[in-house]
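Protein chains in written order, with this note's numbering: chain P, 1 to 605; chain L, 1 to 559. Note that CB positions come from ideal geometry on N, CA and C, so glycine has one too.
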Amino acid sequence: MRRPSLLGALGVMVLLGAGCGIPAVSDVRVDGKGGAVTGAGGFDVRRSEPPTRTAGGSDKEAFLRNFLSAAAGEPDRAYERVKAFVAPEDKPRLQDKKGSEVALNVVRLREAVYTLNSDSTTTVKITVQQIGVLRANGTLAPPVATETEYEFGLRGAALDGGTNDERAGFYILDPPNVLLLSDVALKQYYQEETIYFWSSDRSRLVPDQRYRPVAVPNERRVNEVVKWLVGGPSDWLRPGVVGLPDRTELINNATGANNRWEVNLDMSGDDQNSIDQLITQLAWSLGDLTGELELKIRNNSQPVQDLNERRNPQQLYPNAQSPQRFGVYDGAIHPLDFDGEPSGTVPLAPEANRNIISADLALARDQRVLAAMVVNGSSNGRYRLAVGTAVAPVSVISRSGTEYSSMSRPVWLRTADARAGRGLVVADGQLYRFDEAARMYPVPLNLPTSDVTAVAAALDGQRVALIAGGKLYVAVVNLDGGGVSIGPPRQLATSLTGLTAVDWGREDRLVVAGSARQQAIYEISVDGAVETPLRTDVGAKVNHLTAYPTNRVVRVPSGAYMYEANGVAYRSSPFERIEPDRVRDIAPVPAGVRPSNPSAPFFLY
Amino acid sequence: MSGRVARVVARVHQTWRRSLQVRVVTITLVASSLLVGGFAFLIADKITTILLDSARSDVRQRVTSGASYAAKQVSLYGQPQEAQLQETIDGTVNYLAGGDPQQTSGVVVAITADDYPTEIQTRTAPSANVQLLISPELRAAVADGKVASQIRTGRLTGKSTKYLVYGSPVPTSFGQIELYYLVPLTRQDVTAADARATVVATGVALVILLGLLAALVTRLVVNPVRVAARTAQRLSAGLLDQRMVVNGEDDLALLAASFNQMATNLQRQILRLEEMSRLQRRFTSDVSHELRTPLTTVRMAADLIFAERDEFDPAVARSAELLQAELDRFEELLTDLLEISRFDAGFAMLDSEPTDLVPVVHRVVDRLAGLAERVGVPIELDLPGAPVIAEVDPRRVERVLRNLVGNAVEHGEARPVLITLGVDETAVAITVRDRGVGLKAGEEKLVFNRFWRADPSRARQTGGTGLGLSISLEDARLHGGWLEAWGAPGQGAQFRLTLPARAGDRLTTSPLRLVPADAALPFGGPRDGGPLAIGPGTGGALAIGPAPTGDGQRAEVRS
């Protein structure tokens, strides 16, 4: 008789079991529209891609030019692009490399010789100068390859069965087993970017040069820059700068739109100071990008920063005044007057302003004037270093204990803080550092030659350019612990020989004087890849060269440099000889006496 | 097997009909089961819905933010074949899955590109084959640019799990890719199951409790009723002093008290009636006895006068004859009254002995031959040749027969009276048939009443005291036999006495028919000896009537 109730209870159980659990399979439930496709309008990739194989038509020179440009662009498909130029049967000879191993040998094409062969192919022999290796991370490293010649074949593409069409172009036979990129293509298909790393004492930002393929859309610029920063500085800068903490990784891509950028980093060490420095570093490394930056450290958002507002109080270089020109006239420093330019007074007491051969004056952070001068020694042809530091006018001068038979223009290493000034000077082919008391200490250099002739310090005080044995080097300076040590110098490939003088013309440019066919002054990028002749008709050997490094803080006067050749001083922009009447505060020259020439001009800034 | 089932069903049915408690408890259980079940279903369904909804909105939020993150990440690439796009998708999937592939939440994030199957590979984090879990319908909905979800069951990591699959399109500059979140619903499932189990347990407990409660309440009500029923049964069986126990002051106590009151009243009434009946019988008996003594004296005097009647003048002599005759009737009446009172008092005793009934019949006929001759009624006998031996009281049987034959002769209307004796293994029967005026319908029972007269205006001239048939009926009953009457107006009457062959046996049939074979059937009846026709009648009724004549003496069955 319990059956009906039993059945009822059973029914309820079944109902509950089947009716109200989470179903094993449900219908598709649509919640509404998702985001719409944005469309491919913003991307014009073809614009910046290097030309294809057939773009040059039947012009062999154009084909070679295009071949030397083919590798430009995103490194992932560099081999693909180059292989498009290679004859199908020879494609296996070019062995693919992937990812970070992709490296482009940047060469400067000097000469190309085309020899027609009997089998209607052409043998091409090109003579090149190895400039460097463009790596996937955008750095141009010193060259690895030593070849100065490459030889390969050319054949018409139409030969393999097609119509004999002029537009079919050529194929490369027996290609070199490296990717070649001409310096022209580097200039054309890459955008130079300057990113910054903190110096090892974390006091200032040191520029580092990178190349970004223009094929990479602008949207990815932030991403690329952050990746470079994560990847660390160029090799030659490593001794003097610090990268991001170890094992720092970019989490996915840095993204952004509508002037708002998001960077998500997996980074150890999360004290606010280093994060703050990182944001400053990012702000400067992103160049003139405007908008807001949202930095996330392991998904923890930092306060959003406006890039401009971050850059303004955190200037790269503290002294932002326009430079004043000075020159040495009759053993004393005098201001040089030019129209439209500020000129000051000599910050030296008259008793100290004597017997000067050349000088470097610098404004330190605390309004002091750092003065380093090469002065005549006890006898003719002997020189001493004289150093005085004080708020202008400087009257107390220390002199070096030793006299040298030759001494280059001294340079101050500018610091961002009020540390005691330190400088570098070359004396008797040896690099010395000196302090405010004019004590000189030799600085060891890891160079094949000991014949150093010139030294120049960058505006950041962390990099120097050296000329040793007529060759150009750059090196990083490490100011840790009160001393000055120079990192391994990196030689730059230039087409000039017999270099004599160097100074920094920009953050990433050097102004050098040397000999092309005749004496010339070139502007060379800090990695040697870009070379721009400034003057090619100097005539005499330049023995003194100073430049005011333009930078992103002070933009005028652009490209100002002054040099002395054969005892005559010149200035640039406009280029002219510095006449004696430009020299202020000199006694009038009696009539009939040939006036002295101003020499060793320099900038005070 | 089916027999067993049928037995069980029959027993269940019987129990259902007999037990009020079972009915009440069953109805309570079924009704409360339905009610509680319905509520439990609603509650469990609600809980599941809430759980699912919260999971849905949670995942939807994740998938929306995930899709916008993925869109930002992928927006850097303008073509699906860019090499870093795949890396970006990998990184995005890992990031959205929580960055740590070892994470244990079980959420699987997948990015597929149905539009670019060759350029972009499907990526999942943690690595799993999600193709089976993403149904083509969901795929189609997401490919259509919709955010859509579906619950699917599948096996991604070990055991089969229910997944909430949520898909969203991710817009890119080159087209669309799809982001899927596969969130295991294990926690929700367990919670829902817990809630369900709790609800079911509560419901079952509630139902059982209600059943017990119903059983208890019914028992409280039914038990006194049962006691009352038992008591009433005992009362009706004659145990008049049975009473119910009265407990408390409630309705049931009132019932018991009223019942007891009723029983007491009934008992008193019955005892009073019994006493009255007893007094009445005693009175009859006593009156009869008391009348006998003076009657004897009167009889002796009357006999003397009657003997000397010739010496009186004729008028006196006639009075003496009348006196003698009325005294005979009076004596007869007294004898019958005494006999009746003996029956009423239960003093009648059966003196059974094996008796041959044939001589008994002859004796009765012989004694009534005079009367029959006087009224001109011939008496016919239909007796078996062999002796008919039965264990009966011959004196009483003879009295019964005398009564029946006397009545038949008296009402015979000068037509023959037939006496038939029948016998079989268990019983003997005697029928007495006359062809007088007969009995009207309903009079078959009345004839056995005391002092009953068919025509009250008719003077009681001939013999009978009016008690004969009553005494005969009592005699037959004393034997455990039957005395029945049949009669029809104009066809006469037939009385049948059936007695068991052995004293104390129970009668089941009689060897002779009560209704004589020549009696006319009601509604005309069939032609004598003719076949009956049974067939469809008017109005769908079954018609039975005489078969049409003329086609011989044969029965025919037609359908």
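Burial state of residue i, where buried means 16 or more other Cβ atoms lie within 10 Å
{"i": "asparagine 223(L)", "result": "exposed"}
{"i": "valine 9(L)", "result": "exposed"}
{"i": "glutamine 518(P)", "result": "exposed"}
{"i": "tyrosine 441(P)", "result": "exposed"}
{"i": "threonine 146(P)", "result": "exposed"}
{"i": "alanine 307(L)", "result": "exposed"}
{"i": "threonine 536(P)", "result": "exposed"}
{"i": "tryptophan 504(P)", "result": "buried"}
{"i": "tryptophan 284(P)", "result": "buried"}
{"i": "arginine 4(L)", "result": "exposed"}
{"i": "glycine 169(P)", "result": "buried"}
{"i": "asparagine 129(L)", "result": "exposed"}
{"i": "arginine 311(P)", "result": "buried"}
{"i": "alanine 325(L)", "result": "exposed"}
{"i": "histidine 411(L)", "result": "buried"}
Inter-residue Cα distance where the pair is residue i and residue j
{"i": "glutamate 219(P)", "j": "leucine 64(P)", "result": "32 Å"}
{"i": "alanine 600(P)", "j": "valine 226(P)", "result": "43 Å"}
{"i": "proline 359(L)", "j": "glutamate 290(L)", "result": "37 Å"}
{"i": "isoleucine 624(P)", "j": "aspartate 183(P)", "result": "The structure shown has nothing for residue 624(P), since chain P only spans 1 to 605."}
{"i": "glutamate 563(L)", "j": "leucine 266(L)", "result": "Outside the shown range of chain L (1 to 559) lies residue 563(L), about which nothing can therefore be said."}
{"i": "valine 30(L)", "j": "arginine 7(L)", "result": "24 Å"}
{"i": "arginine 46(P)", "j": "valine 214(P)", "result": "Summary for arginine 46(P): the model assigns pLDDT 47, below 50, so the residue's position carries little reliability; its value from the coordinates is reported in the next sentence. Each residue's alpha carbon lies about 10 Å from the other."}
{"i": "aspartate 581(P)", "j": "serine 572(P)", "result": "17 Å"}
{"i": "leucine 240(L)", "j": "glycine 442(L)", "result": "36 Å"}
{"i": "glutamine 321(P)", "j": "tyrosine 605(P)", "result": "7 Å"}
{"i": "serine 301(P)", "j": "glutamine 277(P)", "result": "16 Å"}
{"i": "alanine 501(P)", "j": "alanine 516(P)", "result": "14 Å"}
Same chain, Cβ closer than 6 Å to residue i, neighbours up to 5 away in sequence not counted
{"i": "threonine 112(L)", "result": "Thr122 and Glu178"}
{"i": "alanine 565(P)", "result": "Val538, Ala540 and Val542"}
{"i": "glutamine 553(L)", "result": "Legend: pLDDT at glutamine 553(L) = 49, less than 50; position of this residue unreliable, value from coordinates given subsequently. Correct list: empty, nothing qualifies."}
{"i": "proline 239(P)", "result": "Val476, Asn478 and Gly487"}
Spatial neighbours of residue i in its chain, beta-carbon cut-off 8 Å, leaving aside the 5 residues before and after
{"i": "glutamate 429(P)", "result": "In the sequence as presented, glutamate is not what sits at residue 429(P); that position holds glycine. Cβ within range, chain order: Ser406, Ser450, Asp451, Val452 and Thr453."}
{"i": "valine 263(P)", "result": "Val222, Val226, Leu250, Ala254, Leu282, Leu293, Glu294, Leu295 and Lys296"}
{"i": "threonine 231(L)", "result": "Gln242, Arg243, Met244, Phe259 and Ala263"}
{"i": "glycine 561(L)", "result": "Examination of residue 561(L) is not possible in this model, given that chain L is present from 1 through 559 alone."}
{"i": "valine 12(L)", "result": "none"}
{"i": "glycine 66(L)", "result": "Leu96, Val109, Ser168, Leu179 and Tyr181"}
{"i": "proline 511(L)", "result": "Gly422, Val423, Asp424, Ala427, Val428, Ala429 and Thr498"}
Cβ-heavy atom distance, residue i to the ligand MN, below 7 Å
{"i": "isoleucine 120(L)", "result": "Ligands displayed in this structure: none; no statement on the ligand MN is therefore possible."}
Contacts around residue i, its chain only, beta-carbon distance under 7 Å, and the 5 residues preceding and following it disregarded
{"i": "threonine 191(L)", "result": "Leu51"}
{"i": "tyrosine 114(P)", "result": "Lys60, Thr122 and Val124"}
{"i": "alanine 587(P)", "result": "none"}
{"i": "glutamate 531(P)", "result": "Thr494, Ser495, Tyr522 and Ile524"}
{"i": "glycine 73(P)", "result": "Glu49, Pro50, Arg81, Tyr189, Pro213 and Ala215"}
{"i": "phenylalanine 152(P)", "result": "Val124, Ile172, Leu173, Asp174, Pro175 and Pro176"}
- Can we say the region 485 to 503 of chain L touches the region 418 to 438 of chain L, given the rule of at least three CB pairs closer than 8 Å? Flag = yes, the region 485 to 503 of chain L and the region 418 to 438 of chain L touch.
- Do the region 482 to 492 of chain L and the region 366 to 385 of chain L meet, that is, are 3 or more Cβ pairs less than 8 Å apart? No: the two stretches stay apart, fewer than three of their Cβ pairs being nearer than 8 Å.
- Does the region 146 to 164 of chain L touch the region 75 to 95 of chain L, meaning 3 or more C-beta pairs lie closer than 8 Å? No: the two stretches stay apart, fewer than three of their Cβ pairs being nearer than 8 Å.
- Item | Minimum length 4: unbroken alpha helix (DSSP H) runs contained in the region 441 to 497 of chain L | Qualifying alpha helix (DSSP H) stretches, in chain order: 443 to 446 and 468 to 478.
- Query: Where in the region 155 to 243 of chain P do unbroken runs of the alpha helix (DSSP H), each at least 4 residues long, occur, reported from the N-terminal end onward?
  - Reply: Secondary structure remark: continuous alpha helix (DSSP H) runs of at least 4 residues inside the region 155 to 243 of chain P, in chain order: 183 to 189 and 221 to 231.
- Query: Does the region 12 to 30 of chain L come close enough to the region 354 to 374 of chain P to have 3 or more Cβ pairs within less than 8 Å?
  - Reply: Using a C-beta cut-off of 8 Å, the region 12 to 30 of chain L makes no contact with the region 354 to 374 of chain P, since fewer than three inter-stretch Cβ pairs fall below that distance.
- Message: To test your reading of the DSSP string, which unbroken alpha helix (DSSP H) runs of 4 or more residues are found completely within the region 52 to 111 of chain P?
- Response: Listed in chain order, they are 60 to 69 and 78 to 83.
- For the region 495 to 578 of chain P, which segments carrying the alpha helix (DSSP H) assignment without a break, of at least 4 residues, lie completely within its bounds, in sequence order? Correct list: empty.
- Task: May I have a chain-ordered list of the alpha helix (DSSP H) segments no shorter than 4 residues that lie completely inside the region 364 to 427 of chain L?
- Result: Runs of the alpha helix (DSSP H) inside the region 364 to 427 of chain L: 394 to 410.
- Message: Quick check on the DSSP output: what are the complete beta strand (DSSP E) runs of length 3 or more inside the region 129 to 209 of chain L, in order along the chain?
- Response: Within the region 129 to 209 of chain L, the runs of beta strand (DSSP E) that reach at least 3 residues and sit entirely inside it are, in chain order, 146 to 155, 160 to 171 and 176 to 184.
- contact_flag[the region 204 to 215 of chain L, the region 20 to 29 of chain L] where n(CB pairs < 8 Å) is 3 or more: Contact annotation: the region 204 to 215 of chain L touches the region 20 to 29 of chain L, with at least three C-beta pairs closer than 8 Å.
- Mind the definition here: the region 380 to 391 of chain L touches the region 405 to 419 of chain L only if three or more C-beta pairs lie below 8 Å; say whether that holds. Taking one beta carbon from each stretch, the region 380 to 391 of chain L and the region 405 to 419 of chain L have 3 or more pairs nearer than 8 Å; the two touch.
- Task: With a floor of 3 residues, list each beta strand (DSSP E) that falls wholly inside the region 343 to 428 of chain P, ordered by position along the chain.
- Result: The region 343 to 428 of chain P contains these whole beta strand (DSSP E) runs: 356 to 363, 368 to 376, 383 to 391, 411 to 413 and 422 to 427.
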